[in-house]
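For the sequence shown, this note's numbering assigns the number 560 to the initial residue and increments by one for each residue that follows. Here a beta-carbon is modelled for each residue, glycine too, at the ideal position from N, C-alpha and C. The model shown is predicted, which means the values in this text are computed figures rather than measured ones. Below is one structure, written out as structure tokens; the observations come after it.
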Amino acid sequence: MKLLSATDHSQHSKAALEFSFYLAKELRCSLVILNVFDVPPISPAFYKKYFKVAEKRERENSIVKTEKFIDELELDFDKSTVDYYIKASFGDPKEVIVSVAKKEKADLIIAGSKGKSALEKLIFGSTTVKMFAASEIPVLAIPESRRYTDIRKIVFYSDYSDNELNDLAKLSAIFVKFQPKIVCVIFKETRQELESETIYNIENQIRRANDDCEFEIKKIVTDDEIESLNTIAQYDSADIIAITTHQRNLIDTFFNPSKAKQLSFNSFIPLLAMSK
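Put into structure tokens, the structure is as follows:
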């Protein structure tokens, strides 16, 4: 088992890094701490000659900053008890984080998330949100205000996809040490839809696939799935909300933000996104 924690040395990534240390300690696994850095602009005339020098300097600075950032974490145990190491890479954060996670054979990527204004939510998104669909490795987004708790309960958003049983298996495998209760939530706009044969078959498949763990299925009638999911997660004191993400075209991404993106910006509970 290996975790990769991405940090940009900001305050909202501090909570994610602290969470990563605690989780690595509990799971007794290794932790890769990655910072993606940029290189100051260089004029074309000097680019070839000085870029490698500048990149080497920025890489060294990045590692020093990450070491200092780790020293400032508020942990109630000796961080040396965790098997961790630091990496620094140059490039586009989303692409680099996903690439390094693959090379390191990480089982889980952990990164910080931060609430945004309405305009920012629509236009900019965040590196963490962009990774949701880009990464084949599950991504765990930690809100800025969140502090670590053991993973005892997971609320899973069901979208009736073919990959759903695999995603539930991933959840169980990653957090098996905690033996969490999984609450699978199915939403429809009418009671009639919830009682359809399709939903009945899905419910039976999920139950059969999870008969070895504590499991519950909730079927909810609602026209606002995000608000309802947040309410259920808070009421059940969930430690994580889990959701499957899907590839989306540019227009759909811009005008119809994904549920994972909406949850990332509007929830105070860690969000685990698993790409289909």
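Simplified DSSP state of residue i, which is helix, strand or coil
i, result
"Phe746", "strand"
"Lys661", "helix"
"Val591", "strand"
"Ile656", "helix"
"Phe715", "strand"
"Ser826", "coil"
"Ile710", "coil"
"Ala832", "strand"
"Ser648", "strand"
"Ala670", "strand"
"Ala700", "strand"
"Ser731", "helix"
"Thr804", "strand"
"Phe596", "strand"
"Phe578", "helix"
"Leu562", "strand"
Nearest candidate by alpha-carbon position, reference residue i, set the options
i, options, result
"Thr541", "Leu730, Met560, Ile592 and Leu582", "No answer is possible for residue 541: the residues shown for the chain start at 560 and end at 835."
"Leu562", "Ser579, Ile656, Gln570 and His571", "Ser579"
"Ala832", "Asp782, Ser717, Ala647 and Thr640", "Ser717"
"Arg587", "Asp642, Val598, Phe596 and Glu748", "Asp642"
"Tyr644", "Ser826, Leu590 and Ile701", "Leu590"
"Ala732", "Ser704, Phe746 and Cys772", "Cys772"
"Lys653", "Thr640, Val742, Phe596 and Lys664", "Phe596"
"Asn594", "Asp795, Gly650 and Lys740", "Gly650"
"Val744", "Asp795, Lys729 and Ala613", "Asp795"
"Phe746", "Asn763, Ser826, Glu784 and Glu723", "Glu784"
"His568", "Ser658, Val623, Glu585 and Met560", "Val623"
"Asn789", "His571, Leu699 and Ala819", "Ala819"
"Tyr799", "Lys740, Asp782, Glu748 and Ser834", "The identity of residue 799 in the sequence shown is Ile, whereas the question assumes Tyr. Nearest of Lys740, Asp782, Glu748 and Ser834 to Ile799, Cα basis: Lys740."
"Thr803", "Lys729, Gln738, Asp635 and Met560", "Lys729"
Rounded C-alpha distance that separates residue i from residue j
i, j, result
"Lys662", "Thr625", "20 Å"
"Glu775", "Ala792", "13 Å"
"Ala583", "Arg750", "42 Å"
"Phe715", "Lys778", "12 Å"
"Val735", "Asp726", "14 Å"
"Asp637", "Tyr707", "16 Å"
"Ile828", "Asp709", "13 Å"
"Ser639", "Glu633", "14 Å"
"Lys613", "Ser704", "According to the sequence displayed, residue 613 carries Ala and not Lys. When rounded, the distance between both Cα atoms is 35 Å."
"Gln821", "Val780", "20 Å"
"Ser648", "Phe610", "14 Å"
"Leu830", "Ala801", "6 Å"
"Pro702", "Ser658", "23 Å"
"Val598", "Pro697", "29 Å"
"Glu723", "Asn763", "13 Å"
"Ser787", "Gln570", "29 Å"
"Ser564", "Glu748", "38 Å"
Residue-chain proximity (residue i, chain D), Cβ-Cβ < 7 Å
i, result
"Ala583", "No chain D is part of this structure, which consists of one protein chain only."
Presumed contact (8 Å Cβ cut-off) between residue i and residue j, rounded CB distance
i, j, result
"Lys712", "Ala797", "5 Å"
Are there three or more Cβ pairs, one per stretch, closer than 8 Å when the region 570 to 586 is compared with the region 664 to 672? yes
Do the region 627 to 644 and the region 687 to 698 touch if we need at least three Cβ pairs shorter than 8 Å? no
Do the region 652 to 670 and the region 612 to 624 touch if we need at least three Cβ pairs shorter than 8 Å? no
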